[in-house]
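Engineer:
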Amino acid sequence: MPELPEVETTRRGLELFLVGQTVRTVVVRESRLRWPIPSALLRELPGQAIQSVTRRGKYLLLQAAAGSVILHLGMSGSLRIVAETIAPEKFDHVDIVFNSGDCLRLRDPRRFGALLWTADPAQHKLLVHLGPEPLGDNFNGDYLYRKSRARTRAIKDFLMDSRIIAGIGNIYANESLFLAGIDPRRAAGKISRARYENLSQAVRTILEQAIQAGGTTLRDFRGSDGRPGYFQQTLAVYGRRDLPCRNCGRPIRSQTLGSRSTFFCRYCQS
DNA sequence: CTCCGATCCTGATGGC
DNA sequence: TGCCATCAGGATCGGA
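All you need for my numbering is the position in the first sequence, starting with 1, plus 2.
(1) Which ranges does the beta strand (DSSP E) cover as unbroken runs of at least 3 residues, wholly within the region 9 to 47, from first to last along the chain?
(2) Which residue's Cα is closest to the Cα of Asp-110: Gly-49, Met-77, Arg-243, Thr-207?
(3) Mapping the DSSP letters down to three states, classify Gln-271 as helix, strand or coil.
(4) Does Pro-2 pass the burial test, meaning 16 or more other C-beta atoms within 10 Å, or should it be called exposed?
(5) CA-CA distance, Arg-221 and Arg-31?
(6) CB Val-9 to CB Asp-97, shorter than 8 Å?
(7) If you draw a straight line from the alpha carbon of Arg-242 to that of Pro-48, how long is it in whole angstroms?
(8) DSSP state of Ile-72, grouped into three classes?
(9) Which value, in whole angstroms, describes the spacing of the CA atoms of Lys-158 and Arg-187?
(10) In three-state DSSP terms, what is Pro-186?
(11) Tell whether a beta-carbon distance below 8 Å holds between Leu-161 and Ile-173.
(12) Could you pull the DSSP bridge partners for Asp-94 from this structure?
(13) Quick one: grab the DSSP three-state call for Tyr-145.
(14) Roughly how many angstroms separate the alpha carbons of Ala-204 and Ser-178, rounded to a whole number?
(15) With H, G and I counted as helix, E and B as strand and the rest as coil, what does DSSP make of Ile-254?
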């Protein structure tokens, strides 16, 4: 599934290809995604040139003069650049077609993704409440420490709250907490400043490593999109229930936390 | 503030 | 072998 690192890698690839291209038309074969594709997008986007491709959390933004396309890949979304003459396959729901004859094709079997239009991304409902970027300058141990005071919810739940930090999914919350040696069930408000410093570093490290891994696999994202668990070999705890901890060898535990599967080592995380 | 369940959807899985 | 039931999973939202 596309996580922040994969979205970032996709962004880098799209940026090279899309900036400067002008949209000729938008072809919608299935409008029912997470939200219906707004008619404003079909009305406003044709004729617009893509000025930049940016990312906010797991959202991709294609910015044009009149507004921005907001893209989210959900669980199963993928994007490819193909010639418009290539026949779409099942689940290829939308083409954004450019004057060049190429198009940006969105495939999304589960349709948890989104394709939206906004005149002003800074004001958009989905983006305006997002916390800082985990790889940005405003994210550090101090920030987490301040935000978490008097909070009783589990640290993992806290980390996955996009209003606190943008774009940390289940996998990276699990992995970051393992690297930082913090028990995912621990109350956010009872973690020391020093441990939050560790945690913020761990989040950065994990995401940067995954971007590297994603970069390798996604280099040819324009071609096919087959990519089986690019970060899989590196995962320390996620999906490793009952397998030996890579640190101490004891079995990885799993339990549901905040209605999400959670993996951790009882001995290496406290 | 916090937790819970529902929601959107399909591929993967596990049981029979 | 095949069919059916279950469920994961990102993010939002309403309700307790």
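Backbone N, C-alpha and C fix where the C-beta goes; we use that ideal spot for every residue, glycine too.
Structural biologist: Let's see:
(1) Listed in chain order, the beta strand (DSSP E) elements of length 3 or more contained wholly in the region 9 to 47 are 25 to 30.
(2) It is Met-77.
(3) In the three-state reduction of the DSSP assignment, Gln-271 falls in the coil class.
(4) Any answer about residue 2 is impossible in this case: the structure gives the chain only from 3 up to 272.
(5) Its pLDDT being 37, under 50, Arg-221 is placed unreliably in this model, and the coordinates cannot settle the point.
(6) No, the Cβ-Cβ distance between Val-9 and Asp-97 is not below 8 Å.
(7) Straight through space, the alpha carbons of Pro-48 and Arg-242 are spaced by roughly 47 Å.
(8) Ile-72: strand per DSSP, three-state reduction.
(9) Lys-158 and Arg-187 have their alpha carbons spaced roughly 7 Å apart.
(10) The DSSP-derived three-state label of Pro-186 is coil.
(11) Result no, Cβ atoms of Leu-161 and Ile-173 do not sit closer than 8 Å.
(12) Partner(s): Arg-109.
(13) Under the three-state reduction of DSSP output, Tyr-145 falls in the helix class.
(14) If I take the Cα positions, the gap works out to 5 Å.
(15) Strand.
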